[in-house]
Every structure is written in C-alpha cells, then in structure tokens.
Amino acid sequence: MNGEKSADLLEVAGVSRHFGGVHALSEVSLAVAEGEVHALIGPNGAGKTTLIHQLSGAQTPDAGTIRFAGEDVTRLPMHARVARGIARSWQVTNVFGRLTALDNVALAVQGRQRDWGGSFRFWAPVDKERAIVDEAAAWLAEVGLAGRESTVAGSLAHGEQRQLELALALATKPRLLLLDEPMAGMGPEESERVVELIEHLGRKVTLLLVEHDMDAVFRLADRISVLVGGRLICTDLPDAVRAHPEVRKAYLGDADA
Amino acid sequence: MAGEGMKSALYRQSARRRGLAFAALLALAALPPLLQALGQDFYVSVAARMLIFALAATSLNFIVGFGGLVAFGHAAFFGAGAYAVAILAERGVTSAFVAWPAAAALAGGLALLIGAISLRTRGVYFIMITLAFAQMIYYLFISLKAWGGDDGLPLMARSTFGPFDLGNDATFYWVALACLAAALFLLDRIAHARFGRVLQGIRENESRMAALGYPVAAYQLACFVIGGTLAGLAGALIANHSLLASPNLLHWTQSGTLLVMVIVGGVGTLYGGFAGALTLLLLEELLTGVTVHWHAALGLLLLVVVFRAPRGVAAWLHGLFSRGGTK
Amino acid sequence: MTQLILEQALNGFQFGLMLFLLAAGLTLVFGIMDMINLAHGSLYMVGAYLAAAAAAASGSFVVGVLAAVAGTAVVGALLEVAVLRRLYQRDHLAQVLATFALILIANEAVRMLWGDQPMLLNAPAALAGPVEIGGFSYPAYRLLIIAVGVAVALALYVVVAKTRLGMWVRAGASNREMTEALGVNVKRLFTLVFAFGAGLCALAGALLGPLLAVQVGMGESILILAFVVIVIGGIGSIRGALVGSLLVGVVDTLGRALLPWLLRGFLPAETAANLGPALAAILIYLLMAAILFWKPAGLFPARG
Amino acid sequence: MNALLEIRGLAVAYGASQVLFGIDLTLAEGEVATLLGRNGMGKSTTLRTLCGLSPAPAGILAGSIRFAGEEIAGRAPDRIGRGGIALVPEGRQIFPNLSVRENLVAFAANRRGVASPWTLERVFELFPRLAERQQNMGNQLSGGEQQMLAIGRALMTNPRLLILDEATEGLAPLVREEIWQCLARLRAAGQTTLVVDKYVERLIALADRHTIVERGRVVWPGSSAELDADHGIWHRYLGV
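Residue numbers (this note's numbering), protein chains in the order written: chain A, 1223 to 1479; chain B, 105 to 431; chain C, 4 to 307; chain D, 2 to 241.
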C-alpha cells in the first residue's frame, strides 16, 4: 500500500506550524491512500488537532504542502477544500445548536447544491424543497438519528450530537473525512454505536481518524500514524505500531517502557 | 412529517401572523383619513417620517440581526440615497421611477464597495471600519460645495410618481407605507429562502458553515448589499419628505440612532426595526411636549430598555402578550 | 512655507497628544473589559465644563484644571460602579445602546447646569502671546499643552511599562482570569483605571477648552477620533494609542493645511479648492481603513 | 492531622450539566498529591473550582473547600490567590505581552513572610533558561520555556499550595524530564503540591497520595505504594 503514489488521496509534505515560540507541527509528512481508514494517534498536545486544522483549511501551515487528489490545496480556504471533497468533524461538538436536527443537515445538503446560483436564491421558500428535506432525513437515518428530525440540536443528548456532527460532514459527500476524536466524552454504549458507524463509513469514504480510545483505533484502522511533540515518528500497520519501541515509550508514557 | 421539521425555530411563518400583518397594514393605511378627520393633518407628515425611519431601521436590522454583522455606518447608505435623489433632481431628473431606483442602486453599490473591504475584519474592528467609511462619505459630501456643503442640497419639489401627486402628504404617506410593506415582505421571503437559511446558519456558527462548503464572506456581503440598497430607498424617501438632502443624514449619530432603533425594537426580528423606529420617534414626540430636557428622559428610558428588556421592545411586548393572551 | 509646515506639524503633534489623553483611557477600558464606551467623550465634555466653572469661580486656570481632573475622575468612578460594571458581560450592542443613552443624559445634565451657551475658558494671561524660538514664533499656550502632553505621556509610559500596576493592567488586558488567579482584584483595578482614564479626559478637555469651544456635544466629535486612534493602534495597547494619536493628529492637521496647496500643483485651481478640504477631511479615515485592510487587528495587537 | 486542604463532597455544574458529583480530597502541609483520571473526568474542573475560577461560585452545588482552616468555596479567585494558592494552568497561559521578567515580578509576593522567599534569582537558578530569556516577551518562548515560566510565576507568589494542571502536556521528552526534576526539587524543599498529569509511573515516584476521578466521582483514593501494587487499577481507570 505504501509505494503506490497514484493511490494516495492526501499527500502531506513537510508541514510545519508554530504559534509564537511553540512548534506545534514540525515537518510532518504523511500520505493517506484512497479508501483506507488511517488513524492518527499521539499524546495530548502532540499536534493532532493542529494537523487537522491545516488539512481542513481552518489554519494555513507556515511551511510545507498539502496535496489532495493531486491538487495543491495548501493555500485554499476551508470552503474551497470542502467543495473538492474534504470534510471534517470537531473534537468539541460543533453543530447549529438552535436549529432542528433536520435543519442542520439540510444546510449541509443545500451547501452541496451549486445549480443556478446555489444558495443565492432569495424568493422560493426552502422549506418546500423536497429534494433537500428528503436527503437530509436520509442522512439522519444513516447515522442512526431517524425519528429525531424535529428535535432542536442543542437539546439532543451528547452522543446524538456527535452523530449529528457526522451526518453534517457526510452530507457534504466528501472523498476524505477528517474525524477529530469522534468519541470524545461518550459513554461505553454510545462509543460502541459510533465505532460501528465508523466501521460502516470506512467502506464508503477515506477516513483520517484522530482518537484516544486505543481499542477503537486498533479495531478500525488500516494504518496508524503516531505524532509526538509535533513530529511524526512512524506510520505503519497496527501490529507494527503496537510493537514499535519508540511509540511505546513516547505515547504510552514511560509506563511499560 | 419531515417537512414539518424543516420549519426553523426562529422564523416561523403562520397564517395567524400573516393575518395580523395584513390587519396592521390596513390599520396603518387608514391612518391619514383618520388624522384628517380629527383635524390633525400635520401628523400625517410626522407619521410618514416614522415609516421612512422604520424602513431605514429595518434595512439595518437585516444586516445586524439577520446577517449578524454589527455595522456602525448605515447613515452612509441612508444619506447617499437622499443625495442621489437631490442631485438628480438638480439635473432635471424628477421621476421617482428613475431617481429612486438610482438612489437604491447607488447605496447598494456603495455597500458592495464598503462591505467587500470591511468584511476582512471582525467584531469591534468591523464596527469601526464601517464607521470610518461612513465618516469618509460624510466629509466628502460636506466638503463639496457643489452639493451644498454644510447646508445640504434642497429639492424644489417631491419626485413625480406617475399620476399620483406626492406633494399631497396622504399620498406620500401611502407610498412610504407601500415601500415599507414591500420591503418587509421581501425580507420575509429572503429569510425563508435558501439565502436566508444560509445567513441564519452563519449567524449561528460561522466556522461550521465554512466547513460545509459555504463561502461565508460572499453571503455576508450579499446581505450587507441588500441592507444598504433598502437604506438607499429610505434615503430617497426622506429627501422627498423633508425636501432636503441634509448632511445630518450622513452623520455618525444618525448611524447610532438607527442602531439604537434596531436594538430597542429587537435585533433579528422582522418587525424589530419598525417597532424600534416607532417607539423612539413616538417617545420623541411625546417627551418634547413634556420637557425641554427630553433627551435626558429618553436616555433614562433607553437604560431601562438595556437592563429590563434586553431583547428589545418587540420581544418584550411579545412576552407580555403570550403571558396575558390565550393559553 | 517652512514656517507654515513647522507650525502645522507642531499643531498636529499637540492635537495628537491631546487625543492620546482621551485614547489612553478608552483603549484600556476596551482592551481589558471588551467594552465599547461611547460615553467616553462625555467625560471629556464634563472635564471641560468643570474646568471652566472652577476657573471662573477661583479666577485661576490651574485651579480649574486640577479641579476638573479630580472631579471627573470621581464622576468616572461613580459611573463605572453604578452603570458600566453591569455591562461588561453584555454584548456590544447592549453596550452601544446603554452608553449612547449616557451621552444623551450627560448632554442634558450639562445643559441643565450650565445652559445652552458655550462656556468661556481663557488660557492664563501670561501665556496669551507667542514665543520666539530662533526666528520661529509659536503660541506660548500651545507650547504649554505640548509640554504637559509630553509629560503625561511619559508618566503614563513609566506607569504602564515600569510599575507593577502597569503590568497588572497589561496582564489583565490579555488574560483576565489568570490575572485574578494570581491575586489581583481586577474589578477594583478596573474602577481605578476607569477613574484614571476619566481624569485624563478631563485634562484634555480643560487644556483644549481655550482653543476649542466648551459646549454641549463637544465630546461626540472627538470621541470618533479617539476610536479611530485606538483601532489604528490596536485595541488595548497603550503604545498603539500613542502611535495612533500622533499619527492621526499630524496627518489630520498637516493634511488640512497642505493638501489643498499640494493639489494646486497639478490640478486646476477650482477643482483643487473643492477637492482639497474634502480629501483632507477623510484622510484619517482612509488611513484607518488602509491599516485595518492590511492589519485587521491594528498596528500593535494586545491579544495573542 | 492538620490538613492544609480539605475538600468534602464537592459538587459542581457548568450551567445545566453537572460535572462533579462529590469530590473528597485531603492534603497535609508538605505533601504532594495527585488527581488522576482520563480526559473529561472532572480533574480540571476540580482544580478550577479550588482556585475560584468558573464555574464557581454559581456552579458550586454542594460541598466545602477548607484551606488553612478557612472555608474558601465560592470566594473570588483573587482572594484565593492572595490566600496562598497558586495555579499553573493547563495550556500555561503566560502573559504574551509581558516580558519573562515581568511575568515573574508582576505577581511576586511574600505574604506569609517566608524566611527564604522565592525571588527572581531563585527562579532563575531553578530554570537557568529563563534567565537567558528574561527580556523576551512571553509569546516568543518555546512551549517548554513557557511551562517553566508558568511554574516560576506561580512560585513567585510564595504559595502554601502549588497546583499544576497538565504541566508536562505537549512537551518534548527532554523538557518533560526537566519539569519532573523541578517538581522533585520543590518537593524536597517542602512545597505542598497538587498535580494533575498522565504519567502515572513518574507520579508514583513523586507523590505521596493519589485520588482517581471517574465521571465526576472519586473512585479510588490511596497511597503511592498501594497504587504501585495494583496495576489493575491503572488499566481500569487510567489505561490508554
């Protein structure tokens, strides 16, 4: 899987980012192949979320390039990257809290429609556009939120909000989905549901997954990259990563090393 | 069932509300004959002025409340509309069908220019940069002697409007009312259309909208331009009303007054601008009759609004209604 | 010509220093509490009126100035405790509305106390004439303003840059919570800063009183300039306020004096006479828009 | 036993959502204690409440915090700070617009009249790198230097209780080691300390007692020896 350059959907080369004197990312290079589930792990503060920010366009790297499907997207703003097929979720739930679940997803579906002016339409009531409504409802069903359409997002349970967050990202129909700790703050049952959901998604879309739950990571990932102190120390198959001495030392703490 | 879910919580359209709006429109339309019957002809003109300010405040509320952009330079668009009409009239263009759209277009174009630059900034800096641009327009107009300088540019007569005589205060009032009603109807449609949904999303969570693929700044700019255009129309009306394009219309305190109207009326509600303009101008009428120091009284009342009715008069009244009303 | 340029440059410098007195308090209030205070200009007006009244009563300009500074500082502290403190947690719109209301109230209060007519505040007789410096003559009173302005700016610099109080203020502007956790009573610190800023306003009002009219509404026009200054400088930054003040003072004053003359060089006389003042009047706003375009958080951003 | 800090039944909520459901913790003068648990289990909230930061005071639903014999739950943060509790916060939060030297001297105090109080010289002795960079502004420092500055800044208030929230997070291994050594030296000097961190093995070596928090509740209190003896506990509550 490693050698074939053409199969890499995402190619990150020498990406660095610093904040004041803090080097959050130092020359990170990473390739994600089309169709794989790629996990990104590392201790808190290792720069995982910062890397997701660079990839999604929330921030721009100080150095290095990011290529997506062969195109250099390093300087593109976030919305342009979404149009090319990069979607993301947030570590802290980031939905439209005062809109209904269906309204939330409808916004995502509507954002994809770029026919005659896209959303620059000022007259026709959007409530009557069946295509948007139906598709949004379908995405909610896909992530297991059927029946919760008219609940205001802010009053959904925490786990449900995480599911909604996934539906929002999916409804942009991405080729690459960046998931930043999709199970953060979830109970065991909720986590299990999301793991199953991601397992299911992994067959349809390329995933880059940041997660702390190691059971989930080893169960889901085709390959794992380890980030420590802003540097990428290895990318390998799960078993190899598990055995990697440097990873054990750096990531699992000095506990068993 | 899914269709029901699509209704957004903030902007619910209902037959009852449409009925109320229609009734209010009829009542407002019946005002001139009523005042004339009472022998209070003078107040027809006062009422027309309130409607014009209601339009200006409504256009600002669309930017501030619906677009989530706190702009402090709305006087620029209001005043530019007024000057456009006066300048055209000076050159012999007196038809409302030419001059008023021209005024709106000029204000809209100005909004496009100012918005495109200002939207690079956020928050307080956006407030200040819109103020800076408005000040530029203000000083530009008062410095140019050809446009009347400090004295402003007078109009010989109100615009011609097909067969209707705008010189008649009642006719002018009805035209102003029609403009306001049309603007409210338009903004209500926009709020419920795709564009309105996007603005609502941006106001709620800007970064999330960008992550759904929306070029946020483009939508905000469009919103800014729509608000500016409507303010230009209000400006055209106010110049006709007072037969003067006054530099006072461009002054920053005018921007402040419009903003105060919006906040008093209720930020982000369709009728907030209307309610605020009405409240403020009525208070002005009432208080000037009671005390020469009516500004102080108004100030105290505004403080009461800030601390007692933080979501505006419209919401406060609504609260009173729903508490005392049915159910 | 050199005489004119030099004189106008000094006038600009002097005006800039007075702007700094206003902007210093405003930028701290804005920076630390994230509070838009439109009523800041009213404190300047109150200061000028207090100075005029106290000077008239005592017959001494100096007494007038000192009374104005002390009195306005007290008014500022009271205002902060009674009204503004309740607004820190509110959004900018509520702050705009409330402080707009305070402007209305302050203007009427002044009108009730001192009437509609502008008040007279005369510079001390000893400083009425010009001073000769190597063939260049300049009004003595304006020189005094420059001297006082420079002295206050220096004192303020020392306080902000060198004392613990100044460090607390700067720390509070960048991270209020941490400043509190380290044992500083930010609430009280802020009342103090506010009173101090009000005193500076009064100083500017009292010193400018003999040059400009002491009248109702005098605060509003200068308030906008003070806001321009702090936005150019970067909200919350004293250094930014100083640089911004001098920039605005000099650009504005020199622009008004020289632009019409410069334009005459390559434009027809009539066009130049028309365009000159217009361009000069909007120069500082152009400056501000340009700075915000390239540096959206001002020249010296105080936060991260 | 004369406890310096005694937390009893502390329950805290952010708005409508309760995050602490009764935390108990006791710390004697001169001791080093830890608060352990996975992310989002309530460790930071406990520390923040202790320092009077949000969600306190409105968020405190029940419980008491006694410090040096006084009830401090709900007190304003500046009073708690002056009362002798110093926080080294998560994310360091040094003042970017103050120089290194200013960050240290701005809040220096010796309210207890300690015989050999913390001074600039002593902090520079502890972290020589800060001495080299004392004229730099806070935002020009590297992550490790910022962490040292945050610790130095807290020490300059001569606290009776020093609190560290994730002080080794996001640091390179070598720098992290420096922080651990610094904590060991502070301990030897008798500094009472409460630590939140992830490296259990290092904490066992450093601290006297440990409290494990899970979903806002204390699930295990005990000594270093007890924790060291029972690796099952690590894996159940702290495992990665």
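Ideal Cβ placement from N, Cα and C applies to all residues, glycine included.
Contacts of residue i in chain C (Cβ-Cβ under 7 Å)
i: glutamine 94 of chain D; result: Asn178 and Met181
i: leucine 248 of chain B; result: Asn277 and Ala281
i: glutamate 103 of chain D; result: Met170
i: leucine 216 of chain B; result: Correct list: empty, because the minimum Cβ distance to chain C is about 15 Å.
is_contact[residue i, chain G] using C-beta, thresh 8 Å
i: leucine 402 of chain B; result: Of the protein chains in the structure, A, B, C and D, none is chain G.
Beta-carbon neighbours of residue i, restricted to chain D and to distances below 9 Å
i: glycine 186 of chain C; result: Pro78, Asp79, Arg80, Ile81, Gly82, Arg83, Gly84, Ala87, Phe108, Ala110, Arg112 and Thr158
i: alanine 1406 of chain A; result: Asn40 and Gly41
Chain D contact residues for residue i, given Cβ-Cβ distances below 8 Å
i: valine 172 of chain C; result: Going along chain D, no residue has its Cβ under 8 Å from valine 172 of chain C, so there is no contact; the nearest lies around 10 Å.
i: valine 189 of chain C; result: Asp79
Residue i - containing alpha helix (DSSP H), residue span
i: threonine 162 of chain B; result: 146-165
i: arginine 1441 of chain A; result: 1436-1442
i: threonine 1271 of chain A; result: 1270-1278
i: arginine 49 of chain D; result: 44-51
i: glutamate 273 of chain C; result: 272-297
Residue nearest to residue i in terms of C-alpha spacing, selected from the options
i: isoleucine 1274 of chain A; options: A:Gly1452, A:Ala1389 and A:Arg1470; result: A:Gly1452
i: asparagine 1316 of chain A; options: B:Ala207, B:Ala314 and B:Leu390; result: B:Ala314
i: arginine 114 of chain C; options: C:Val49, C:Gly44 and C:Ala244; result: C:Val49
i: valine 396 of chain B; options: C:Ala112, C:Arg259, C:Ala150 and C:Ile148; result: C:Ala112
i: valine 1237 of chain A; options: A:Ser1251, A:Gly1243 and A:Leu1231; result: A:Ser1251
i: alanine 109 of chain D; options: D:Pro97, D:Phe96 and D:Arg83; result: D:Arg83
Beta-carbon proximity list for residue i, same chain, < 8 Å, skipping 5 on both sides
i: cysteine 183 of chain D; result: Leu127, Phe128, Met149 and Ile152
i: glycine 1366 of chain A; result: Gln1385, Arg1415 and Leu1419
Span of the beta strand (DSSP E) around residue i
i: valine 197 of chain B; result: Looking at the DSSP string, valine 197 of chain B is not in any beta strand (DSSP E), and its letter there is neither H nor E.
i: aspartate 255 of chain C; result: Taken as a continuous stretch (DSSP letters only), aspartate 255 of chain C belongs to no beta strand (DSSP E), being part of the alpha helix (DSSP H) at 241-267.
i: leucine 142 of chain B; result: Taken as a continuous stretch (DSSP letters only), leucine 142 of chain B belongs to no beta strand (DSSP E), as it is neither H nor E.
i: cysteine 1456 of chain A; result: 1453-1458
i: alanine 29 of chain D; result: 18-29
i: alanine 1375 of chain A; result: Segment: none, alanine 1375 of chain A is in no beta strand (DSSP E) and carries neither H nor E.
Below-8 Å beta-carbon distance, residue i vs any chain D residue
i: lysine 298 of chain C; result: no
i: arginine 167 of chain C; result: yes
i: asparagine 1266 of chain A; result: yes
i: glycine 1236 of chain A; result: no
Residues that residue i contacts on chain A, provided the C-beta gap is smaller than 7 Å
i: alanine 173 of chain D; result: Gly1451
i: glutamate 170 of chain D; result: Asn1266 and Gly1267
Contacts of residue i in chain A (Cβ-Cβ under 8 Å)
i: glutamine 141 of chain D; result: Gly1242 and Gly1243
i: phenylalanine 170 of chain B; result: Correct list: empty, because the minimum Cβ distance to chain A is about 12 Å.
Chain B contact for residue i (CB, 8 Å cutoff)
i: alanine 1305 of chain A; result: yes
i: tryptophan 1361 of chain A; result: no
i: aspartate 1461 of chain A; result: no
i: glycine 1333 of chain A; result: yes
Cβ neighbours of residue i in the same chain (closer than 7 Å, five flanking residues each side left out)
i: valine 217 of chain C; result: Ala51, Tyr52, Ala55, Pro121, Met122 and Leu124
i: glycine 219 of chain B; result: Leu325, Phe328 and Val329
i: tyrosine 115 of chain B; result: Its pLDDT being 42, under 50, tyrosine 115 of chain B is placed unreliably by the model, and the measurement read from it follows with that caveat. For tyrosine 115 of chain B, where only same-chain residues beyond five positions count, the Cβ hits under 7 Å are Ala295 and His296.
i: leucine 245 of chain C; result: Phe23 and Ala156
i: isoleucine 167 of chain B; result: Leu173, Ala175, Cys327, Phe328 and Gly331
Amino acids of chain C, ordered along the chain, whose beta-carbon sits closer than 9 Å to that of residue i
i: leucine 99 of chain D; result: Met170, Arg173, Ala174 and Ser177
Residues near residue i in its chain [Cβ-Cβ closer than 6 Å; skip 5 each side]
i: glutamine 192 of chain D; result: Leu163
i: alanine 1328 of chain A; result: Ile1354 and Ala1358
is_contact[residue i, chain C] using C-beta, thresh 8 Å
i: cysteine 52 of chain D; result: yes
i: proline 90 of chain D; result: yes
Partners in chain C for residue i, counting only beta-carbon separations shorter than 8 Å
i: proline 414 of chain B; result: Arg93 and Ala97
Interface residues of chain A facing residue i [CB-CB closer than 9 Å]
i: glutamine 147 of chain D; result: Gly1242, Gly1243 and Val1244
i: glycine 16 of chain D; result: Near glycine 16 of chain D there are no residues of chain A at all, since even the closest Cβ is about 12 Å away, more than 9 Å.
Chain B residues whose Cβ lies nearer than 8 Å to that of residue i
i: phenylalanine 230 of chain C; result: Met232 and Leu235
8 Å Cβ cutoff, residue i in contact with chain A
i: glutamate 310 of chain B; result: no
i: glycine 144 of chain D; result: yes
i: leucine 223 of chain B; result: no
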